[in-house]
Amino acid sequence: MSATHDNASRGTAVAALRAAFPHTIPIFAGFWFLGMAYGIYMHAAGFGFAYPMLMSLLIFGGSLEFVAVSLLLAPFNPLAALLVSLMVQARHLFYGIAMLERYRDMGWKKPYLIFGLCDETFSINYSAEVPAGVDRGWFMFFVTLLNQLYWVSGATIGGVLGEVVPFDTEGLSFVMTALFVVIFLDQWQKDPEHRWSAVVGGACAAGCLAVFGADSFMVPTMVCMVLALLVVREARARGAAMPPAAPREEDAS
10 MSATHDNASR
20 GTAVAALRAA
30 FPHTIPIFAG
40 FWFLGMAYGI
50 YMHAAGFGFA
60 YPMLMSLLIF
70 GGSLEFVAVS
80 LLLAPFNPLA
90 ALLVSLMVQA
100 RHLFYGIAML
110 ERYRDMGWKK
120 PYLIFGLCDE
130 TFSINYSAEV
140 PAGVDRGWFM
150 FFVTLLNQLY
160 WVSGATIGGV
170 LGEVVPFDTE
180 GLSFVMTALF
190 VVIFLDQWQK
200 DPEHRWSAVV
210 GGACAAGCLA
220 VFGADSFMVP
230 TMVCMVLALL
240 VVREARARGA
250 AMPPAAPREE
260 DAS
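Dropping the structure here:
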């Protein structure tokens, strides 16, 4: 009986892995290039390959890991490190709120799903249509795990290559920008009914960029987007709840 249960569980996990992997292929391309650039950058700053490997494994913060290089080289200031980390990663607060319902009843997978939540994983797990018969919890788990493996392996390879091969990494950071554009366009095509949310998000980002500048617009944009989407959602809900107008007598005649 136990062997049958184990086989069924293994089959469920394998089916979810097969369903999740195609969704992560674009992330693989972006994470490997940028991860290798990060590993090379760490080596250029004087750190061995173990540093990018462990930082990508334990921090898994993307842009925060790049910022951490300068924090490690600066005089010891834990308060400044905390404030910078909160500023850079504050957007994850909004990701977490959006994923509360989806992560409900995930059991032992939930702590790792929370830890491994990044921009790209959020995009997939929030919007992907899980095939019928595939366990949603295992699907989200493998999306999260695969994306982190891509980043860790890329950073480690970059750290190793940085010790033996000189690289010019100028322009590689645009890889992630291009990746987000592709994800945005894919969601735009798949879900025409909710394109209004993309328009709201784009307007908030453009407005906050103009007001706060490129270095400080991320957190205000997230706050603006949440408030704007709540207002629009409430307005749409009220419009849907209103009963249709009764026909006038002259129209009936």
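Position in the sequence shown (from 1) plus 9 gives the number in the working numbering. C-beta: ideal position from N, C-alpha, C; glycine also.
Boundaries (first-last residue) of the alpha helix (DSSP H) holding residue i
{"i": "asparagine 134", "result": "128-136"}
{"i": "glycine 216", "result": "204-221"}
{"i": "valine 76", "result": "72-82"}
{"i": "proline 120", "result": "118-124"}
{"i": "valine 97", "result": "87-98"}
Beta-carbon proximity of residue i to residue j, cut-off 8 Å
{"i": "tyrosine 50", "j": "valine 78", "result": "yes"}
{"i": "methionine 108", "j": "phenylalanine 131", "result": "yes"}
{"i": "alanine 29", "j": "leucine 122", "result": "no"}
{"i": "methionine 231", "j": "alanine 99", "result": "yes"}
{"i": "arginine 113", "j": "asparagine 134", "result": "no"}
{"i": "glycine 211", "j": "alanine 53", "result": "no"}
{"i": "valine 169", "j": "leucine 66", "result": "no"}
{"i": "tyrosine 159", "j": "glycine 44", "result": "yes"}
{"i": "valine 139", "j": "proline 35", "result": "no"}
Where residue i sits in the DSSP three-state scheme
{"i": "tyrosine 112", "result": "coil"}
{"i": "alanine 59", "result": "helix"}
{"i": "aspartate 195", "result": "helix"}
{"i": "proline 175", "result": "coil"}
{"i": "alanine 54", "result": "coil"}
{"i": "alanine 261", "result": "Because the pLDDT at alanine 261 is just 49, under 50, the model does not fix this residue reliably, and the value given afterwards should be weighed accordingly. Of the three classes helix, strand and coil, the one that applies to alanine 261 here is helix, per DSSP."}
{"i": "phenylalanine 103", "result": "helix"}
{"i": "phenylalanine 148", "result": "helix"}
{"i": "serine 162", "result": "helix"}
{"i": "asparagine 68", "result": "Sequence check: residue 68 is isoleucine here, not asparagine. Coil at isoleucine 68, not helix or strand."}
{"i": "serine 225", "result": "coil"}
{"i": "valine 23", "result": "helix"}
{"i": "alanine 237", "result": "helix"}
Distance between beta carbons of residue j and residue i, contact taken as under 8 Å
{"i": "valine 209", "j": "leucine 236", "result": "Not confirmed; about 10 Å, so no contact."}
{"i": "alanine 25", "j": "phenylalanine 148", "result": "5 Å"}
{"i": "phenylalanine 37", "j": "glycine 48", "result": "Incorrect: roughly 16 Å between the Cβ atoms, too far for contact."}
{"i": "lysine 40", "j": "glycine 116", "result": "One point to set straight first is that residue 40 is phenylalanine, not lysine, in the sequence displayed. Wrong, their Cβ atoms sit about 27 Å apart, outside the cutoff."}
{"i": "glutamine 272", "j": "phenylalanine 42", "result": "The requested residue 272 is not part of the displayed model; the chain covers only 10 to 262."}
{"i": "valine 228", "j": "methionine 96", "result": "7 Å"}
{"i": "valine 152", "j": "threonine 33", "result": "6 Å"}
{"i": "proline 61", "j": "glycine 167", "result": "7 Å"}
{"i": "tyrosine 104", "j": "leucine 126", "result": "6 Å"}
{"i": "lysine 118", "j": "phenylalanine 150", "result": "5 Å"}
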